[in-house]
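Q: Below are the C-alpha cells for one structure; questions will follow.
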Amino acid sequence: MGLRRFFAVFTARNLEFVRDRSALSWNIVLPVLIVFGFAFAFSTGGQTLFKVGLFEQHKQAPGVERFLQLKHIQFIPVNSIESAVTKVERHQLDMLLDSASGSYWINDQSANGYLLEQLLKGGETQFTRQTVSGEAIRYVDWLIPGVLGMNIMFSSLFGVGYVIVRYRKNGVLKRLKATPLTALEFLSAQVMSRLWLIVTVTSLVYAGTNLLVGFRMYGSYLSLLLVLVIGTFSMICLSLIIAARLSNEETANGLLNMISWPMMMLSGVWFSLEGSPEIIQQSAQIFPLTHMIEAARAIMIDGAGLVDIFPHLLIMLAMSIVFMTIGARSFRWE
Numbered sequence: 093m094g095l096r097r098f099f100a101v102f103t104a105r106n107l108e109f110v111r112d113r114s115a116l117s118w119n120i121v122l123p124v125l126i127v128f129g130f131a132f133a134f135s136t137g138g139q140t141l142f143k144v145g146l147f148e149q150h151k152q153a154p155g156v157e158r159f160l161q162l163k164h165i166q167f168i169p170v171n172s173i174e175s176a177v178t179k180v181e182r183h184q185l186d187m188l189l190d191s192a193s194g195s196y197w198i199n200d201q202s203a204n205g206y207l208l209e210q211l212l213k214g215g216e217t218q219f220t221r222q223t224v225s226g227e228a229i230r231y232v233d234w235l236i237p238g239v240l241g242m243n244i245m246f247s248s249l250f251g252v253g254y255v256i257v258r259y260r261k262n263g264v265l266k267r268l269k270a271t272p273l274t275a276l277e278f279l280s281a282q283v284m285s286r287l288w289l290i291v292t293v294t295s296l297v298y299a300g301t302n303l304l305v306g307f308r309m310y311g312s313y314l315s316l317l318l319v320l321v322i323g324t325f326s327m328i329c330l331s332l333i334i335a336a337r338l339s340n341e342e343t344a345n346g347l348l349n350m351i352s353w354p355m356m357m358l359s360g361v362w363f364s365l366e367g368s369p370e371i372i373q374q375s376a377q378i379f380p381l382t383h384m385i386e387a388a389r390a391i392m393i394d395g396a397g398l399v400d401i402f403p404h405l406l407i408m409l410a411m412s413i414v415f416m417t418i419g420a421r422s423f424r425w426e
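Numbering (our numbering), first residue to last: 93 to 426.
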C-alpha cells in the first residue's frame with residue numbers, strides 16, 4: 093500500500109468533514125440534546141411496571157402460583173442468581189425470586205421491592221427473605237450507550253456509505269481511478285478517517301455530558317474505549333456494502349435507512365429487550381449495534397471486564413471482516 097497516497101486521501105476526507113460545519117455540529121449537538129432531554133424527563137424515576145427476575149421458573153414451591161398470576165408484574169427469566177442479584181442492587185429488577193426454593197431478594201431501598209414483598213407474603217408458603225443495597229441505575233445511565241451507539245451508526249452509515257455513493261455520482265471516483273490510487277488504499281483511507289473522527293467526537297460528547305450528568309461507571313474506561321473503536325469499525329465496514337456499487341443517492345439513502353431503522357428499534361437503543369419474545373432477541377443479535385450497546389452497558393452498569401464482553405468483541409470483529417471483504421470485492425470506481 094502506498095502510504096503517501098493513503099494519507100493524501102485520509103487528510104482530504106478529514107478536511108472535508110471538518111469544513112462541513114453543519115455535519116460536524118449535528119454529530120455533537122444531537123446526542124447531547126437527547127441525553128439532557130431524557131435526563132430531565134426521567135429525573136424522577138418511577139417505573140410503570142414491577143419487574144421480577146424469575147430463577148428456576150419451571151419448578152415452583154407451594155404458594156408461588158398465586159404470586160405468579162398477579163397482573164401488572166413483568167416476570168423475566170434469569171439464568172444466573174449472581175448477575176440477577178446485581179440487577180436488584182442497581183434497581184433494574186424490583187425483586188429476584190427463586191421459584192423452586194421460595195427464596196427471594198429485594199433491595200432494602202426500593203419502594204417497589206417492598207410492595208412486591210407484601211404481595212408475596214400473602215401466599216401460603218414461608219419464603220426466605222434476603223436483602224441487598226445499592227443505588228438505582230437511572231434511565232439516563234442505561235440510555236447513554238444506546239444514544240451514542242445510534243449516533244455512531246448514523247455517522248458511520250451515512251458518513252461513509254452515502255459519501256462514497258455521492259463521489260461516484262459526481263465523477264470523483266472516476267477521476268481517482270486514473271491515478272495510481274488503488275481501491276484498497278481509497279477504502280482504507282475512508283474507513284480510518286471516519287473511524288478516528290467518530291471515536292474522537294463520541295469521546296468528547298460522553299466526557300462533556302458526564303461532567304454535568306454524572307453517569308454510573310462500574311467498569312474500565314479502557315474497555316469501554318475498545319468497544320467504541322471495534323463497534324465503530326464494524327459499523328463503518330457495514331456501510332461499505334452499500335457504497336460498493338451504487339451510484340444513485342436516492343437508492344443509497346433508502347437502503348441505508350432500511351438497515352439503520354431496524355437496528356435502532358431492535359438493538360436496545362431506547363428500551364430493553366428483556367422479556368420480549370425469543371425470536372426478537374435472537375433477531376437482534378445479527379446487528380453489530382446490538383453487540384456494541386450490550387458490551388458498553390455491561391461495562392458501565394455491571395462492571396464487566398474484557399473476558400465478560402469478549403464474545404461481543406469477537407462477533408463484531410468477525411462481522412467487520414465479512415463486511416469489509418464483501419465491500420472490497422464488489423467495489424467499482426464507476
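For every residue, glycine included, the Cβ atom is placed at its ideal position computed from N, Cα and C. Bear in mind that the values here come from a model prediction, so they are computed numbers and not experimental data.
Pairs of beta-carbons, one from the stretch 366-384 and one from the stretch 285-300, closer than 8 angstroms: are there three or more?
A: Judged by Cβ distances under 8 angstroms, the stretch 366-384 makes no contact with the stretch 285-300, as fewer than three pairs qualify.
Q: Can you list, in chain order, the residues of its chain with a C-beta nearer than 7 angstroms to that of residue 416? Leave out the 5 residues immediately preceding and following it.
A: Translated into positions along the sequence shown, residue 416 becomes position 324. Closer than 7 angstroms at Cβ, skipping near neighbours: 329, 332.
Q: Taking 7 angstroms as the cut-off, is the CB of residue 251 close to at least one heavy atom of the ligand COA?
A: Among the components of this structure there are no ligands whatsoever, and the ligand COA is therefore not found.
Q: Taking residue 172 as part of the beta strand (DSSP E), name the residues at either end of that continuous run.
A: In the sequence shown, counting from the first residue as 1, residue 172 sits at position 80. Neither: residue 172 is in no beta strand (DSSP E) and is coded neither H nor E.
Q: Please state whether DSSP places residue 196 in a helix, a strand or coil.
A: Stepping through the sequence shown from its first residue, residue 196 is reached at position 104. Three-state DSSP puts residue 196 in a strand.
Q: Return yes when the Cβ of residue 338 is within less than 8 angstroms of the Cβ of residue 257, no when it is not.
A: Position 165 of the sequence shown holds residue 257. Position 246 of the sequence shown holds residue 338. Against a cut-off of 8 angstroms, the Cβ pair of residue 338 and residue 257 comes out as a contact.
Q: Compute the Euclidean distance between the alpha carbons of residue 425 and residue 254, then round it to the nearest angstrom.
A: Here residue 425 corresponds to residue number 333 of the sequence shown, with the count starting at 1. Here residue 254 corresponds to residue number 162 of the sequence shown, with the count starting at 1. Residue 425 and residue 254: Cα-Cα distance of roughly 15 angstroms.
Q: Do residue 386 and residue 360 have their CB atoms nearer than 8 angstroms?
A: Start at 1 with the first residue of the sequence shown, and residue 386 comes out as number 294. Start at 1 with the first residue of the sequence shown, and residue 360 comes out as number 268. For residue 386 and residue 360, yes; Cβs fall inside 8 angstroms.
Q: For the pair the stretch 389-407 and the stretch 227-243, tell me if three or more CB-CB distances fall below 8 angstroms.
A: These segments touch.
Q: Evaluate residue 138 with the Cβ neighbour count: other Cβ atoms within 10 Å of its Cβ, from every protein chain shown; 16 or more gives buried, anything less gives exposed.
A: As a first step, residue 138 must be located in the sequence shown, where it is residue number 46. Note that residue 138 scores a pLDDT of 45, beneath 50, so its modelled location is shaky; the value from the coordinates is reported in the next line. Its Cβ having fewer than 16 others within 10 Å, residue 138 is exposed.
Q: Measure the Cβ-Cβ separation of residue 380 and residue 323 and say whether it is below 8 angstroms.
A: If you number the sequence shown from 1, residue 380 lands on position 288. If you number the sequence shown from 1, residue 323 lands on position 231. In contact: residue 380 and residue 323 (Cβ atoms closer than 8 angstroms).
Q: May I ask you to report which of helix, strand or coil DSSP gives residue 372?
A: Residue mapping note: residue 372 aligns to position 280 of the sequence shown, counting from 1. Helix.
Q: Take residue 196 and list the residues in its own chain whose beta-carbon comes closer than 8 angstroms to its own, dropping the five residues that flank it on each side.
A: Working through the sequence shown from its first residue, we reach residue 196 at position 104. If we look at residue 196 and ignore the five residues flanking it on each side, its Cβ neighbours are 187, 188, 189, 190, 209, 212, 219, 220, 221, 222.
Q: Please report the distance separating the alpha-carbon of residue 366 from that of residue 418.
A: Looking up residue 366 in the sequence shown gives position 274. Looking up residue 418 in the sequence shown gives position 326. Whole-angstrom Cα-Cα distance: 33 angstroms.
Q: In angstroms, rounded to a whole number, what distance separates the CA positions of residue 168 and residue 184?
A: As a first step, residue 168 must be located in the sequence shown, where it is residue number 76. As a first step, residue 184 must be located in the sequence shown, where it is residue number 92. Answer to the nearest angstrom: the Cα atoms are 11 angstroms apart.
Q: Going residue by residue through the stretch 259-292, where are the continuous beta strand (DSSP E) segments of at least 3 residues, counting only ones entirely within it?
A: Listed in chain order, there is nothing to give.
Q: Based on DSSP bridge pairs, tell me the residues matched to residue 415.
A: Within the sequence shown, residue 415 is the residue found at index 323, counting from 1. Per DSSP, none; premise fails for residue 415.
Q: With distance defined between alpha-carbon atoms, name the residue in 207, 348, 277, 316 nearest to residue 142.
A: By one-based count along the sequence shown, residue 142 stands at place 50. Closest by alpha carbon: 207.
Q: Let's see if you can read the secondary structure: which residues bound the beta strand (DSSP E) around residue 185?
A: Taking the first residue of the sequence shown as 1, we reach residue 185 at position 93. Run containing residue 185: none; DSSP gives neither H nor E here.
Q: Inspect the beta-carbon positions of residue 407 and residue 383 and report whether they are closer than 8 angstroms.
A: Taking the sequence shown and counting its residues from 1, the one referred to as residue 407 is at position 315. Taking the sequence shown and counting its residues from 1, the one referred to as residue 383 is at position 291. Result yes, Cβ atoms of residue 407 and residue 383 sit closer than 8 angstroms.
Q: I'd like to confirm the pairing. Which residues does DSSP put opposite residue 143 in its beta bridges?
A: As a position in the sequence shown, residue 143 is number 51, starting the count at 1. According to DSSP, which records beta bridges pairwise, residue 143 is partnered with 166.
Q: According to the Cβ coordinates, are residue 170 and residue 145 closer than 8 angstroms?
A: One-based indexing of the sequence shown puts residue 170 at position 78. One-based indexing of the sequence shown puts residue 145 at position 53. Taking 8 angstroms as the Cβ cut-off, residue 170 and residue 145 qualify as a contacting pair.
Q: For residue 361, which three-state DSSP category applies?
A: Locating residue 361 in the sequence shown gives position 269, counting from the first residue. In the structure shown, residue 361 sits in coil (DSSP, three-state: anything other than H, G, I, E or B).
Q: For residue 242, which option in 412, 410, 353, 270 has the closest C-alpha, if you only look at C-alpha atoms?
A: Position 150 of the sequence shown, counted from the first residue, corresponds to residue 242. Ranking 412, 410, 353, 270 by Cα distance to residue 242 puts 353 first.
Q: Is it true that the CB of residue 294 sits closer than 8 angstroms to the CB of residue 320?
A: Taking the sequence shown and counting its residues from 1, one reaches residue 320 at position 228. Taking the sequence shown and counting its residues from 1, one reaches residue 294 at position 202. Taking 8 angstroms as the Cβ cut-off, residue 320 and residue 294 qualify as a contacting pair.
Q: In the DSSP assignment, find the unbroken alpha helix (DSSP H) run with residue 239 in it and report its ends.
A: For the purposes of this step, residue 239 is identified with residue 147 of the sequence shown, where counting begins at 1. First-last of the alpha helix (DSSP H) with residue 239: 231-248.
Q: For residue 285, is the classification buried or exposed, using 16 other Cβ atoms within 10 angstroms of its Cβ as the cut-off for buried?
A: For the purposes of this step, residue 285 is identified with residue 193 of the sequence shown, where counting begins at 1. Classification of residue 285: buried, given that the 10 Å Cβ count is 16 or more.
Q: Can you give, in chain order, each stretch of the alpha helix (DSSP H) that sits fully within the stretch 287-349 and has at least 4 residues?
A: You should have 313-335.
Q: Buried or exposed: where does residue 161 fall if 16 or more other Cβ atoms within 10 Å of its Cβ makes it buried?
A: The residue given as residue 161 occupies position 69 in the sequence shown. Burial call: exposed.
Q: How is residue 221 classed by DSSP in three states: helix, strand or coil?
A: Looking up residue 221 in the sequence shown gives position 129. Residue 221: strand per DSSP, three-state reduction.
Q: If you drop the 5 nearest sequence neighbours on each side, which residues of the same chain put their C-beta closer than 6 angstroms to that of residue 204?
A: Locating residue 204 in the sequence shown gives position 112, where the first residue counts as 1. 142, 186.
Q: Have a look at residue 233 and residue 307 and give me their C-alpha separation to the nearest angstrom.
A: If you number the sequence shown from 1, residue 233 lands on position 141. If you number the sequence shown from 1, residue 307 lands on position 215. Taking the straight line joining both Cα atoms gives about 5 angstroms.
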